[in-house]
Each structure stands twice: as structure tokens, then as C-alpha cells.
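Q:
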């Protein structure tokens, strides 16, 4: 069928044609965004899930909703090697610039800009193209303690937003890459503005361990945030994610073919998009048959192996690759760290640093004490295919 009309969109954070199965999360975000703008308290959200479950897609959707409800928004993807203050500085500067245009008076935004100048000087942030012409304010955001200083900044921005009749929505993806003190500071800052009922709300996304890390950072995190689990779509939502876009293009798919596609993709949103994309391009006409899905599956797996899976595998050192290959040989997860150590023939304590580095790279996570699993669905199958190809 015509590839130009292909409705499926496999990509990092690409909006799918049908955002199925996430209505409850979107509805909760809509309510919270409107309540915050009206000066009412509501919980921020941190979306938890494996890779390929659509967390970034949801953050993008929430950002669109925030702008619809007259919020100023800031979207950040946390990298592994840049500190949070450096990421926040240009975003907050941009927020204050926008607030100053509609502020009832400039005093609140100037006060926030002075605090931001103090913050930048304290954390040695290079201004680059984003410089401030105001003087720093002594005693505000200049202690060098990120918990205290980020809280000062958030409060000043919150007052400026309230004065302007607007709200600020901060969105951070890949939260697992924040350092522990940065995550704690973020929680403290949001706690303080929540107590003062200032119009700031936070939406984050990260791997499943973020809930435990947040609780370890600050015990009240579970009362401050909701932690919706973003996982596989149920069958009804998965069917809608495939069938609806096909029907909207005037084409059709046989029931058996649809069920086969769902089984191949295992309900994961990214994989559904990949299988849908390849199936459409493989089909010469509709209705799409099971034979077409089988043929398309080979291309879907090839693309995933060469891109989605391979990019992540290539980030690992030879010793780290040995560790994850050993996990895959043990079968399906979760895996006991002790079992991996036994299979490698090494003491579990000696493998601790290696495991910690793989966790830091976002390849595996600890489900519970002593348990680990892959953060990428179907990664164990990829590793088995890779091992087989290397043996040939």
C-alpha cells in the first residue's frame, strides 16, 4: 500500500496516530493543570515505565494540554552528563521573559530574575547567549546547597507566575539520570511551592526505579506525586492503536492478522508502531493478511535489532556486555544477581560495580533487593539472536 499514507510513526517520542489506553492519565493531567491555574492544590505526576512504553509521548501530550490551558511550559530531557542547574537555567530565564510580558507589575519577575542570577553565579553556570542584566540578590539562591537554592528559585518563579495570572509546567524526561541530590532538590522545590499554593506543576518520566529513588530522597514524595505505571497496552487499547489508523486511511486488516501483530509486538506502544509501519508497507492491498504480518515481522525485527536494540547494546563495555548476555542466557527475567554471578563464576560482591554501571546507563534496573531486569522490552531475545549470529 502507498507508503506515503502510512499512518504509523515509530520514533523516539513520535505522536502515534491513536493514543490508545492512556485516557486516565491524560484526564488526570487535564484536571491538575486547570486546578493549579486556579490556585488549587493538586499532585504532580512521575510516569514510570520501561523503554518503548510511550512515556515521552505522554509528556509531549501533557505539554500540549498545558499550553492549551495557558501554562508556560519547559521541557527538559535529562542527559547523563549535565547537572540539573545548568539544564534549568535557560528554561527558567525563558519562562520569566514570557511572564514579564503579561505581568501586572515587573517587581515579581525582576525579583525572580535576581534570584536566578544568584543561582547561576553560585552553581557557576555559563550564561552563553542567555545573560541577565540584573544584579544578584544576596541571601537568595546562593547558599550552594541545591535543595535550598532550587526551592528559592521555584518560589520566586511561582510568585511571578501568580502575578501574571499564568502557571508554569515543568516537564523532565529521563529522570533516572538526575543525581540523587538533584532529584531531592526537585522534590523539595515542588513541595514548597505546593505548600504555598503557587501555580507550578511538574510532570516527569523515567524508568521504574524512580519511585523508590524519590521515596529514598524524600519520604513525603509519595504524597506529593502520583506515580502512574506506563506499561503494555491491554488488548482493547492495542487493537485500537492498530485498527483505528488503518480504518481512517480507508483500509482494513483481518482479525487473525491483527491478533498476530499484537502477539508479535507484545502490547508495547513503540513495537506496535514499528510492526504497524512495516505491515502497512509490506501489504500490497487490503485487507491485510496474516501472511503479510509474518513477512513484515522479519523487517520489523531487523530494524529493531539494527537501531532500537543495537544503539543501547553498543553503549556497553565488553565486560558489561558479558554481564547482560549472561542474563539473557538465564531465560526470562527478573533475574537474581546471585544467579548471574554464579553463571559468570565470579563473587557477587565483585560484580557489584559492574552491575551499578549498567544500571546507571539505563540498561537494567533493580526490581527488588537482589532482583534485576532489562529496561528494554524483548532485549533478552535480541541478545539471544546476537549470540546466535556470532556463533555462525
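In full-length UniProt numbering, the protein residues as written are 1 to 392.
Ideal Cβ positions, reconstructed from N, Cα and C, are used throughout, including at glycine.
Relative to the C-alpha of residue 55, which residue among 245, 379, 208, 351 is closest?
A: Position 55 of the chain shown holds residue 55. Comparing Cα positions, the closest option is 208.
Q: How should residue 246 be labelled, buried or exposed, when 16 other C-beta atoms within 10 angstroms of its C-beta is the threshold for buried?
A: In the chain shown, counting from the first residue as 1, residue 246 sits at position 246. Buried.
Q: For the alpha helix (DSSP H) holding residue 310, just list the boundary residues, first then last.
A: The residue you call residue 310 lines up with position 310 of the chain shown. Residues 310-313.
Q: Does the region 113-125 come into contact with the region 147-163, if we say contact requires no fewer than three beta-carbon pairs (one atom in each stretch) closer than 8 Å?
A: Enough Cβ pairs lie closer than 8 Å, so yes.
Q: Looking at C-beta atoms only, is the number of pairs between the region 356-368 and the region 307-319 that lie closer than 8 Å three or more?
A: Cβ pair count under 8 Å is three or more, so yes.
Q: If you draw a straight line from the C-alpha of residue 72 to the C-alpha of residue 30, how long is it?
A: As a first step, residue 72 must be located in the chain shown, where it is residue number 72. As a first step, residue 30 must be located in the chain shown, where it is residue number 30. Cα to Cα, residue 72 sits roughly 15 Å from residue 30.
Q: Could you give the distance in angstroms between the alpha-carbon of residue 93 and the alpha-carbon of residue 170?
A: Counting from 1 along the chain shown, the entry for residue 93 is found at position 93. Counting from 1 along the chain shown, the entry for residue 170 is found at position 170. So the two alpha carbons sit approximately 13 Å from each other.
Q: Is residue 373 helix, strand or coil by DSSP?
A: Position 373 of the chain shown, counted from the start, is the residue given in the question as residue 373. If DSSP states are grouped into helix, strand and coil, residue 373 belongs with the strands.
Q: Looking at residue 149 and residue 160, is the spacing between their C-beta atoms short of 8 Å?
A: Counted from its first residue, the chain shown places residue 160 at position 160. Counted from its first residue, the chain shown places residue 149 at position 149. In this structure, residue 149 does not lie closer than 8 Å to residue 160 by Cβ.
Q: So, are the CB atoms of residue 269 and residue 52 less than 8 Å apart?
A: Here residue 269 refers to the residue found at position 269 of the chain shown. Here residue 52 refers to the residue found at position 52 of the chain shown. Going by C-beta atoms, residue 269 is nearer than 8 Å to residue 52.
Q: Going by DSSP, what residue range makes up the beta strand (DSSP E) through residue 74?
A: Taking the first residue of the chain shown as position 1, residue 74 is located at position 74. Segment 71-77, the beta strand (DSSP E) holding residue 74.
Q: For the region 323-382, which segments carrying the beta strand (DSSP E) assignment without a break, of at least 3 residues, lie completely within its bounds, in sequence order?
A: You should have 364-368, 371-374.
Q: Checking 8 Å against the spacing of the C-beta atoms, do residue 175 and residue 78 come in under that value?
A: Here the question's residue 175 lines up with position 175 in the chain shown. Here the question's residue 78 lines up with position 78 in the chain shown. Yes, Cβ-Cβ distance for residue 175 and residue 78 is below 8 Å.
Q: Which same chain residues end up closer than 7 Å to residue 347 when comparing Cβ atoms and leaving out the 5 residues on each side of it in sequence?
A: Taking the chain shown and counting its residues from 1, the one referred to as residue 347 is at position 347. Only 341 meet the Cβ criterion.
Q: Count the other CB atoms, across all protein chains shown, that sit within 10 Å of the CB of residue 297; report buried if there are 16 or more and exposed otherwise.
A: By 1-based counting over the chain shown, the position of residue 297 is 297. So residue 297 counts as buried.
Q: Does DSSP put residue 44 in a helix, in a strand, or in coil?
A: One-based indexing of the chain shown puts residue 44 at position 44. Residue state, collapsed to three classes: strand.
Q: Taking 8 Å as the cut-off, decide whether the C-beta atoms of residue 99 and residue 164 are in contact.
A: Taking the first residue of the chain shown as position 1, residue 99 is located at position 99. Taking the first residue of the chain shown as position 1, residue 164 is located at position 164. Contact: yes.
Q: Do you know how far the Cα of residue 204 is from the Cα of residue 9?
A: Looking up residue 9 in the chain shown gives position 9. Looking up residue 204 in the chain shown gives position 204. Cα-Cα distance, rounded: 23 Å.
Q: Identify, in the order they occur along the chain, each residue of the same chain with its Cβ nearer than 7 Å to the Cβ of residue 5, setting aside the five sequence neighbours on each side.
A: Reading the chain shown from its first residue, position 5 is the one you call residue 5. Closer than 7 Å at Cβ, skipping near neighbours: 249.
Q: Contact defined as beta carbons within less than 8 Å: I believe residue 333 pairs with residue 271. What is the distance between those atoms, to the nearest angstrom?
A: By 1-based counting over the chain shown, the position of residue 333 is 333. By 1-based counting over the chain shown, the position of residue 271 is 271. Residue 333 to residue 271, Cβ: 17 Å. No contact.
Q: To the nearest angstrom, report how far apart residue 186 and residue 67 are at their CA atoms.
A: Taking the chain shown and counting its residues from 1, one reaches residue 186 at position 186. Taking the chain shown and counting its residues from 1, one reaches residue 67 at position 67. In a straight line, the C-alpha of residue 186 is about 22 Å away from that of residue 67.
Q: Taking the continuous alpha helix (DSSP H) assigned at residue 201, which residues delimit it?
A: What you label residue 201 is simply residue 201 of the chain shown in a count that begins at 1. That residue, residue 201, is in no alpha helix (DSSP H); its beta strand (DSSP E) goes 200-206.
Q: Tell me residue 170's beta-bridge partners as DSSP assigns them.
A: One-based indexing of the chain shown puts residue 170 at position 170. 74, 202.
Q: Quick check: what's the CA-CA separation for residue 395 versus residue 60?
A: Since the first residue shown for the chain is 1 and the last is 392, residue 395 is missing from the structure and cannot be characterised.
Q: Where does residue 380 land, buried or exposed, given buried means 16+ other C-beta within 10 angstroms?
A: Indexing the chain shown from 1 puts residue 380 at position 380. Its Cβ being crowded by 16 or more others within 10 Å, residue 380 is buried.
Q: Terminal residues of the continuous alpha helix (DSSP H) containing residue 83?
A: As a first step, residue 83 is located in the chain shown; it is residue number 83 there, counting from the start. No alpha helix (DSSP H) holds residue 83; DSSP gives it neither H nor E.
Q: Might you give, ordered along the chain, the residues of its own chain that have their beta carbon closer than 7 Å to the beta carbon of residue 147, omitting 5 neighbours on each side?
A: Counting from one through the chain shown, the residue named residue 147 turns up at place 147. Closer than 7 Å at Cβ, skipping near neighbours: 184, 185, 188.
Q: Grouping DSSP H, G and I as helix and E and B as strand, with all else coil, what is residue 226?
A: Numbered from its first residue, the chain shown carries residue 226 at position 226. Correct three-state label for residue 226: strand.
Q: Could you please give the first and the last residue of the uninterrupted alpha helix (DSSP H) stretch that includes residue 426?
A: A query on residue 426 cannot be resolved here, the shown segment of the chain reaching from 1 to 392 and no further.
Q: Beta carbon of residue 404, beta carbon of residue 285: below 8 Å?
A: Look at the range of the chain in this structure, 1 to 392, and you will see that residue 404 is not part of it.
Q: Under 6 Å Cβ to Cβ from residue 120, same chain only, skipping five residues before and after it: list those, please.
A: Taking the first residue of the chain shown as position 1, residue 120 is located at position 120. Hits under 6 Å: 89.
Q: Restricting to Cα atoms, I'd like to know which of 322, 336, 370, 256 is closest to residue 383.
A: To locate residue 383, count along the chain shown from 1; it is residue 383. Minimum Cα distance to residue 383 is reached at 322.
Q: Just curious, the alpha helix (DSSP H) that residue 281 is in, first and last residue?
A: On the chain shown, residue 281 is found 281 positions in, with the first residue counted as 1. Note, residue 281: alpha helix (DSSP H), 269-282.
Q: For residue 223, tell me which candidate among 44, 16, 40, 37 has the shortest Cα-Cα distance.
A: To locate residue 223, count along the chain shown from 1; it is residue 223. Here the closest residue by C-alpha is 44.
Q: Could you check which residue in 172, 1, 83 has the C-alpha nearest to that of residue 57?
A: Start at 1 with the first residue of the chain shown, and residue 57 comes out as number 57. Ranking the options by Cα distance to residue 57, first place goes to 172.
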